[in-house]
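Asks: So the sequence shown is numbered by the numbering used here: it starts at 2 and just counts up by one. Cβ atoms here follow ideal geometry from the backbone N, Cα and C, with glycine treated the same way. Keep in mind the model is a prediction, meaning the values are calculated, not measured. This structure is in structure tokens; I'll ask about it shortly.
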Amino acid sequence: MCSITALLQAQGTTDADRALALDVSKLQRHRGPDWSGVFQCEFGILSHERLAIVDVSSGAQPLIDPETGVALAVNGEIYNHRSLRKESTYPFQTGSDCEVILALHRSGDRDVWSRLHGMFGFVLLDPRDGSWVIGRDPIGIIPLYFGHDAEGRLLVASEVKGLADHCDDVQEFPPGHVWYSTDDAPTRYFERDWMQWDTHPKEAYKPEELNAALKAAVKSHLMGDVPYGLLISGGLDSSVIAALAQQFARQRVDEDEASEAWWPRIHSFSIGLEGSPDLAAAAQVAEHIGTVHHPLTFTIQEGLDALEDVIRHVETYDVTTIRASTPMYLMARQIKAMGIKMVLSGEGADELFGGYLYFHMAPNAREFHEESVRKVLGLNKYDCARANKSMMAWGIEARVPFLDTPFVDYAMRLDPEAKMGGKGRMEKEAIRKAFPNLLPDEILWRQKEQFSDGVGYGWIDGLRDHAEQRVSDEAFSRATTRFPINPPATKEAYFYRTIYERLFPSAACAALVPGGKSVACSTEKALEWSESLRNVVDPSGRAVQGVHKDGYRS
Numbered sequence: 002m003c004s005i006t007a008l009l010q011a012q013g014t015t016d017a018d019r020a021l022a023l024d025v026s027k028l029q030r031h032r033g034p035d036w037s038g039v040f041q042c043e044f045g046i047l048s049h050e051r052l053a054i055v056d057v058s059s060g061a062q063p064l065i066d067p068e069t070g071v072a073l074a075v076n077g078e079i080y081n082h083r084s085l086r087k088e089s090t091y092p093f094q095t096g097s098d099c100e101v102i103l104a105l106h107r108s109g110d111r112d113v114w115s116r117l118h119g120m121f122g123f124v125l126l127d128p129r130d131g132s133w134v135i136g137r138d139p140i141g142i143i144p145l146y147f148g149h150d151a152e153g154r155l156l157v158a159s160e161v162k163g164l165a166d167h168c169d170d171v172q173e174f175p176p177g178h179v180w181y182s183t184d185d186a187p188t189r190y191f192e193r194d195w196m197q198w199d200t201h202p203k204e205a206y207k208p209e210e211l212n213a214a215l216k217a218a219v220k221s222h223l224m225g226d227v228p229y230g231l232l233i234s235g236g237l238d239s240s241v242i243a244a245l246a247q248q249f250a251r252q253r254v255d256e257d258e259a260s261e262a263w264w265p266r267i268h269s270f271s272i273g274l275e276g277s278p279d280l281a282a283a284a285q286v287a288e289h290i291g292t293v294h295h296p297l298t299f300t301i302q303e304g305l306d307a308l309e310d311v312i313r314h315v316e317t318y319d320v321t322t323i324r325a326s327t328p329m330y331l332m333a334r335q336i337k338a339m340g341i342k343m344v345l346s347g348e349g350a351d352e353l354f355g356g357y358l359y360f361h362m363a364p365n366a367r368e369f370h371e372e373s374v375r376k377v378l379g380l381n382k383y384d385c386a387r388a389n390k391s392m393m394a395w396g397i398e399a400r401v402p403f404l405d406t407p408f409v410d411y412a413m414r415l416d417p418e419a420k421m422g423g424k425g426r427m428e429k430e431a432i433r434k435a436f437p438n439l440l441p442d443e444i445l446w447r448q449k450e451q452f453s454d455g456v457g458y459g460w461i462d463g464l465r466d467h468a469e470q471r472v473s474d475e476a477f478s479r480a481t482t483r484f485p486i487n488p489p490a491t492k493e494a495y496f497y498r499t500i501y502e503r504l505f506p507s508a509a510c511a512a513l514v515p516g517g518k519s520v521a522c523s524t525e526k527a528l529e530w531s532e533s534l535r536n537v538v539d540p541s542g543r544a545v546q547g548v549h550k551d552g553y554r555s
């Protein structure tokens, strides 16, 4: 994981342009503290801040095609790079997984990007004519933004903070898209049959197939040449990922398990308020699978003290995201102190399998699936942004096996009837039944808790109380006037918005954050499915009355 910066569409770059690119890049150096690299030509500049995980010794960027001179800056990981290398005649110069992007670009085939399995944001720049290509992974695990400076040149950066002072039109680069310099706008390359109900294949659910598919995803995500760790919240998703990763811990997956792992003992991490349900459950998981476990605690005051830093790094004013990002941010700092540079996390399962509690209210399989599609294709705005940016604030790469492209396709092509909860069935039973002996029953059948709830209910209550003390009734009554873009619906949301406005004052930056209202489950669909949520303004899972109970196991 790294950061990239690009200055494109230039007509002769100068020392001042190079200084501008470096200034933008420095604002993102927390993402790549290991090395910096710059490529400059007449038509543009690429800058790269590296977090070295694969091919630490020779994988510095920007990477250069030795025959064409095309330069490449990438933020991310390509998990199928070894198979792509075997199919290519490209003269690879390094062991970097990202170099396969140069090989694919040589083909000239615009449909080639769907062959990449991984998380990535990249910019290619051809010094011969100034042409360029920008691309982002299908789900948007890796953040990427663009805008235009006062001279009309195109600026690209991994985070908003790199562009906010230079562009009035900052936009998020859409996931699953690629943009060629000859096109007016990005075009979608990631198209799937499961995106539309009429073309959905509705494949039969077979527990053993799900088991094999997720194992393959986890194994692929263990490539690397540095120590890695596991995030365990104590919930189903992170616990399954951790338990599967532990099965592959003794051999290096980079060498087809032909040699012993350099770090055979895996360290796992959890965080919560003292006595929180997540800490207790995570400790049980760690003991069961045999990791070296580190239960980290934080106080409400420590979380409150970190809020401005969290909003600066995660670049949002969304209530749920901030609630969950703060403990994750605090945990990342302690993981960094232990010398670990990469962790596996459980994001994505709730979207793929309808794990959010309001999914119990879906009236039929079609609406269940269409809402799942909407949530999966919106992950870039929420959980992916949280996991990536709160971890990368301290130079920790978060990998998310549930969102491996082949597994996403597998999960989304399943018959939605097999994934629906309610009527005596617990949410995500498809996952639970695929791994019957992997975890203790208390964990395997533990009900869904949002991360911001599971770290301790006192955390959310403390945030509300803090906001109540700092936002007067008079100020809140003018919320719509002060914040016409996504006006906040609660004092807590108003408080976060004031911090965000100070850090990112432009209207374009305000518009980057989706919604802004703190409606239950963060979705209008929940309101269509249940009138009981019509007047609920808090996004906590606890707000879904009648569902957030002891469970639905039949």
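Three Cβ pairs or more, each shorter than 8 Å: is that satisfied between the stretch 355-364 and the stretch 281-297?
Replies: The answer is no - the stretch 281-297 does not touch the stretch 355-364, with fewer than three Cβ pairs under 8 Å.
Asks: I'd like the list of long-range same chain contacts for G347, defined as Cβ closer than 6 Å, with 5 residues on each side in sequence excluded.
Replies: Hits under 6 Å: D238, S239 and I242.
Asks: I need the straight-line Cα distance from L305 to A218, nearest angstrom please.
Replies: Spanning the two alpha carbons is a distance of roughly 36 Å.
Asks: Run through DSSP, which three-state label would R107 get?
Replies: Looking at R107 - three-state DSSP - the assignment turns out to be helix.
Asks: Just to confirm before moving on: does the CB-CB distance between Y501 and W395 stay below 9 Å?
Replies: Not in contact: Y501 and W395 (Cβ atoms no closer than 9 Å).
Asks: To the nearest angstrom, how far is it from the Cα of S269 to the Cα of I46?
Replies: Rounded to whole angstroms, S269 to I46 spans 40 Å at the Cα level.
Asks: Sort out for me which residues DSSP pairs F408 with in a bridge.
Replies: Bridge partners of F408: none, in fact.
Asks: Using the three-state DSSP reduction, which class does C99 fall into: helix, strand or coil?
Replies: Correct three-state label for C99: helix.
Asks: Would you list the one or two residues that DSSP bridges to Q252?
Replies: Q252 pairs with E261.
Asks: With DSSP run on the structure shown, which of helix, strand or coil describes S326?
Replies: Of the three classes helix, strand and coil, the one that applies to S326 here is helix, per DSSP.
Asks: Should the stretch 140-155 be called in touch with the stretch 167-178, which here means at least 3 C-beta pairs below 8 Å?
Replies: These segments touch.
Asks: Quick one, which of D416, I312 and K420 has its alpha-carbon nearest A350's?
Replies: The option with the nearest alpha carbon to A350 is K420.
Asks: Rounded to whole angstroms, what's the CA-CA distance from P144 to P265? Just pull it up for me.
Replies: P144 and P265: Cα-Cα distance of roughly 31 Å.
Asks: Distance check for A431 and A20, CA to CA, integer angstroms please.
Replies: When rounded, the distance between both Cα atoms is 53 Å.
Asks: Across which residues does DSSP place A333 in a beta bridge pair?
Replies: According to DSSP, which records beta bridges pairwise, A333 is partnered with nothing at all.
Asks: Report the three-state DSSP secondary structure of Q247 (helix, strand or coil).
Replies: Three-state DSSP puts Q247 in a helix.
Asks: Closer than 8 Å by C-beta to A244: which residues in its own chain qualify, once you throw out the five before and the five after it? Chain order, please.
Replies: Closer than 8 Å at the Cβ level, and outside the excluded window around A244, lie V286, H289, I290, F436, L439 and L440.
Asks: Pick helix, strand or coil for P515, following the three-state DSSP scheme.
Replies: Residue state, collapsed to three classes: coil.
Asks: Return the CA-CA distance between V344 and T482, expressed in angstroms with no decimal places.
Replies: V344 and T482: Cα-Cα distance of roughly 42 Å.
Asks: Could you tell me whether the stretch 157-168 touches the stretch 178-185, using the rule of 3 or more Cβ pairs below 8 Å?
Replies: Contact between the stretch 157-168 and the stretch 178-185 is absent, because fewer than three Cβ pairs lie under 8 Å.
Asks: Using DSSP with H/G/I as helix, E/B as strand and the rest coil, what is S59?
Replies: In the structure shown, S59 sits in coil (DSSP, three-state: anything other than H, G, I, E or B).
Asks: Please give me, in chain order, every unbroken run of the alpha helix (DSSP H) with length at least 4 that falls completely inside the stretch 396-450.
Replies: As far as the stretch 396-450 is concerned, its whole alpha helix (DSSP H) runs of at least 4 residues are 406-414, 430-435 and 442-445.
Asks: Work out the CA separation of L156 and S4 for me, nearest whole Å.
Replies: Cα-Cα distance, rounded: 13 Å.
Asks: Going by C-alpha distance, which of T499, G236, G153 and S115 is nearest R137?
Replies: It is S115 whose Cα lies nearest to the Cα of R137.
Asks: Can you name the residues that DSSP bridges to H149?
Replies: Answer is L155.
Asks: Quick check: the stretch 81-94 against the stretch 127-137, are at least 3 beta-carbon pairs closer than 8 Å?
Replies: Flag = no, the stretch 127-137 and the stretch 81-94 do not touch.
Asks: If distances are taken between C-alpha atoms only, which option among Q41, A476, M120 and E309 comes closest to G13?
Replies: Minimum Cα distance to G13 is reached at Q41.
Asks: So, A558 versus T317, is the Cβ gap smaller than 9 Å?
Replies: The displayed coordinates of the chain run from 2 to 555. Any statement about residue 558 would go beyond what the structure contains.
Asks: Compute the distance between the beta-carbons of I267 and A282, then report whether it is under 9 Å.
Replies: In this structure, A282 does not lie closer than 9 Å to I267 by Cβ.
Asks: Does DSSP put V472 in a helix, a strand or coil?
Replies: Coil.
Asks: In angstroms, rounded to a whole number, what distance separates the CA positions of S478 and T491?
Replies: Cα-Cα distance, rounded: 10 Å.
Asks: Can you list, in chain order, the residues of its chain with a C-beta nearer than 7 Å to that of S97? Leave out the 5 residues immediately preceding and following it.
Replies: V55, D56, G60 and L64, listed in sequence order.
Asks: Report yes if the C-beta distance between R129 and A104 is below 9 Å; otherwise report no.
Replies: Result no, Cβ atoms of R129 and A104 do not sit closer than 9 Å.
Asks: Inspect the beta-carbon positions of P407 and A214 and report whether they are closer than 9 Å.
Replies: Yes, these two residues count as a Cβ contact at 9 Å.
Asks: Which stretch, first to last residue, makes up the alpha helix (DSSP H) that contains R6?
Replies: Residue identity differs from the one stated: residue 6 is Thr in this sequence, not Arg. Per DSSP, T6 belongs to no alpha helix (DSSP H); it is in the beta strand (DSSP E), C3 to L9.
Asks: Locate the alpha helix (DSSP H) running through Y569, then write down its first and last residues.
Replies: Since the displayed the chain opens at 2 and closes at 555, residue 569 lies outside it and no answer follows.
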